[in-house]
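Notes for the one structure printed next.
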Amino acid sequence: MPEGHTIHRIAKDHSPLLVGRPVAVSSPQGRFAADAALVDGVVLDRIEPYGKHLFYWWANGLVGHVHLGLFGKFRVAAGPQVPAVQGMVRMRMSSDGGTVDLAGPTDCSIGSADDRDAIIGRLGPDPLRRDAKPADALARLRKSAQPIGALLLDQKVLAGVGNVYRAEALFVNGINPARPGKACTDEELSAVWDTVVTMLRKGVKDNRIITIDRKRFPVPKGQARRGDTTYVYHRDVCLLCDTPVRTVELGGRACYYCPTCQPR
DNA sequence: ATACCATGAACAG
DNA sequence: TGTTCCTGGTATC
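Just so it is clear: in the first sequence, position 209 is 208 by numbering that gives the first Met the number 0, and no numbers are missing.
And the structure:
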């Protein structure tokens with residue numbers, strides 16, 4: 000399930016299978032069929048990740064857009080053998096390097112480079128991109144009266160953070176999610192940005208979300224269980240202090256936090 | 001067999 | 001603010 004790290008990892012993993020080759024593009028499920036025909040058999044030049052979005056640069060000048068949303072998933076089969084379709088496959092991309100199937104995306108469409116620019120124009124900086132300018136995100140956080148928990152989910156502020164990383168990034172910085180952005184210090188806000196960069200990069204590397212850093216926050220003996228991956232997200236009690244975790248609805252979703260470690 | 005839930009976001013009003 | 005859409009895994013009957 001996708002936050003920004005998933006998207007960057009997908010671009011990394013799928014590129015060697017598809018980029019630089021002609022790709023057969025189809026839509027077994029049907030809804031992408033008309034668009035698929037626009038790029039069927041065309042060489043794929045690049046897969047570009049930005050925040051939670053993927054862009055497919057085709058050699059004929061068209062640019063595909065995929066947004067996984069909450070349910071979107073890829074299935075990959077390396078090698079030239081094309082596997083049988085399983086389940087609802089909106090888009091299938093197949094080359095002699097491998098086959099990639101996409102199911103359940105919020106968006107899967109073919110457009111122009113201008114369409115791609117328009118989408119990115121609506122997004123804040125992506126902490127995973129080298130060209131990211133944190134100043135843009137920090138300025139928005141600093142001036143907003145909105146709760147920081149809502150701001151971190153807002154893709155116009157910064158692109159790629161989802162419900163897990165927002166909770167965890169606020170936790171390790173001891174910030175209550177309901178605190179307005181403008182009530183945070185510059186130091187706190189830049190620490191949050193740095194945390195998000197570190198966490199997302201680790202997510203790309205691990206190909207999953209593990210935010211626990213035992214060097215930074217030693218976990219009390221007996222508190223940790225095998226398989227723990229977060230401090231507060233989706234937990235009953237705080238990993239560090241055992242206080243019951245609470246949630247507050249922010250940005251339309253439940254934000255997990257520890258009332259002890261993140262006082263108001 | 002059915003209900004419900006999930007790391008998301010666009011759109012209506 | 002509420003509604004809608006996308007899929008599949010797990011829980012519940």
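Note that beta-carbon positions come from the ideal geometry of N, C-alpha and C, so glycine has one too.
Computed from a predicted model, the values in this text were never measured in an experiment.
Residue j beta carbon less than 8 Å from that of residue i
i      : j      : result
VAL65  : ASP106 : yes
ALA158 : LYS51  : yes
VAL84  : PRO27  : yes
GLY60  : PRO104 : no
ARG234 : TYR255 : yes
HIS4   : GLY202 : yes
ALA10  : LEU43  : no
ARG178 : ILE147 : yes
PHE170 : VAL231 : yes
GLY71  : LEU101 : yes
GLU2   : VAL160 : yes
VAL41  : VAL22  : yes
VAL191 : ALA168 : yes
PHE31  : ARG115 : no
GLY251 : ASP153 : no
ASN175 : PRO262 : yes
Residues that DSSP places opposite residue i in a beta bridge
i      : result
LYS72  : ALA102
VAL65  : LEU53, CYS107
PRO48  : LEU53
PRO21  : VAL42
PRO243 : VAL236
MET92  : VAL24, VAL99
ARG252 : LEU249
ALA77  : GLY97
PRO146 : PRO179
Contacts around residue i, its chain only, beta-carbon distance under 8 Å, and the 5 residues preceding and following it disregarded
i      : result
THR242 : VAL236, CYS257, PRO258, THR259, CYS260
ARG207 : THR228
LYS142 : GLY180, LYS181
ALA253 : ASN162, THR246, VAL247
SER111 : GLY60, LEU61, VAL62
GLN222 : LEU238, LEU239, ASP241
SER108 : PHE31, ASP34, GLY63, HIS64
ARG20  : VAL42, LEU43, SER94, ASP95, GLY96
Close beta carbons around residue i, own chain, < 6 Å, minus the five adjacent residues each side
i      : result
VAL24  : ALA35, VAL38, ASP39, MET92
ARG8   : VAL203, ASN206
ARG139 : VAL156
MET87  : GLN28, ALA102
ALA58  : VAL41, VAL42, ASP44
ASP113 : none
LEU151 : VAL160, ARG165
Same chain only: Cβ atoms within 7 Å of residue i, ignoring 5 sequence neighbours per side
i      : result
GLN145 : PRO179, GLY180
LEU188 : LEU137, LEU140, ARG141
ASP135 : GLY123, PRO124
ALA131 : PRO124, ASP125
Which whole runs of the alpha helix (DSSP H) in the region 167–225 are 4 residues long or more, in chain order?
185–205
Would you call the region 96–103 and the region 79–87 touching, i.e. three or more CB-CB distances under 8 Å?
yes
Touching or not, the region 214–222 and the region 192–201, by the rule of three or more beta carbon pairs under 8 Å?
no
Taking 8 Å as the cut-off, does the region 41–61 touch the region 119–126 (at least 3 CB pairs, one atom from each stretch)?
yes
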